[in-house]
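Q: Quick note: the sequence shown uses our numbering, first residue 3, plus one each step.
Below you'll find the structure I mean.
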Amino acid sequence: MRKICLEIVTAYVQPKNGAQAFVKRLVPKLISTWPGQILIRSFHKKTSANPHPEGFIAHIITDREETFGLGYGVDILECGICKLFRKHNYYKYATILCEVDQITSELAGLTLIRTGTIANGAAKCDFRFKVES
Numbered sequence: 003m004r005k006i007c008l009e010i011v012t013a014y015v016q017p018k019n020g021a022q023a024f025v026k027r028l029v030p031k032l033i034s035t036w037p038g039q040i041l042i043r044s045f046h047k048k049t050s051a052n053p054h055p056e057g058f059i060a061h062i063i064t065d066r067e068e069t070f071g072l073g074y075g076v077d078i079l080e081c082g083i084c085k086l087f088r089k090h091n092y093y094k095y096a097t098i099l100c101e102v103d104q105i106t107s108e109l110a111g112l113t114l115i116r117t118g119t120i121a122n123g124a125a126k127c128d129f130r131f132k133v134e135s
C-alpha cells in the first residue's frame, strides 16, 4: 500500500515542465524578501487559530537559528489530515502522507528536517527546512 501511494504521489507532484520546476524552486528564494515576510506573517495569522474543528493549527517559525538560516519553519499542532483519517478509520495510513512532505520539499530545493509527526505519535509535526547546496 505504502509503495503504491508514494509512487502515485511522486508522479503527481513532479513538475510537468521547466516552468513548473522553476516556480517550485522560486518560493524558498522569496521567503527572505520583504514580500515573502509579509506572506509568512499573513500565513501565520491564518493558521494560528482553527475555525474548523477538523482543520489544522500551525505556528510559523521565523527564527533563523531554529530554521537553519532559511527563516521559515512550521510546527503543526493539530493535523487536519490525521483527523480526517481517524474519522474514517484509516489512521494507520496517515504516516504515508507524512513521507510526501520529504518529496515536495526536495522539489523546492529544500532538505526537510523533522524530528516527529503527529501521525507517528509526536505532539507536533515540526517542519524545518535547509536550502540544498
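Note that CB positions come from ideal geometry on N, CA and C, so glycine has one too.
Measuring only the C-alpha atoms, how far is Leu32 from Ser50?
A: Distance between the alpha carbons of Leu32 and Ser50: 22 Å.
Q: Indicate whether Gly82 and Gly57 have their beta-carbon atoms separated by less than 8 Å.
A: Yes, the Cβ-Cβ distance between Gly82 and Gly57 is below 8 Å.
Q: Quick one: Cα of Leu28 to Cα of Arg88, how far?
A: Cα to Cα, Leu28 sits roughly 35 Å from Arg88.
Q: So which of Leu114, Ala110, Leu79 has the shortest CA-CA distance to Ala125?
A: The shortest C-alpha separation from Ala125 is found at Leu79.
Q: Expressed to the nearest angstrom, what Euclidean distance is found between the alpha-carbon atoms of Phe24 and Leu109?
A: Distance between the alpha carbons of Phe24 and Leu109: 10 Å.
Q: What is the DSSP secondary structure of Leu112, reduced to helix, strand or coil?
A: Three-state result, Leu112: strand.
Q: Go through its chain and collect everything with a Cβ distance to Ala96's Cβ below 7 Å, but skip five positions before and after it.
A: If we look at Ala96 and ignore the five residues flanking it on each side, its Cβ neighbours are Ile83, Cys84, Phe87, Ala121.
Q: Leaving out five residues before and five after Arg4 in sequence, what residues of the same chain have Cβ atoms less than 6 Å from its Cβ?
A: Here the set comprises Ile98.
Q: If the criterion is Cβ atoms closer than 8 Å, does the pair Gly75 and Ile59 meet it?
A: Result no, Cβ atoms of Gly75 and Ile59 do not sit closer than 8 Å.
Q: Would you list the one or two residues that DSSP bridges to Ala60?
A: In the DSSP output, where bridge partners are listed per residue, Ala60 has Ile78.
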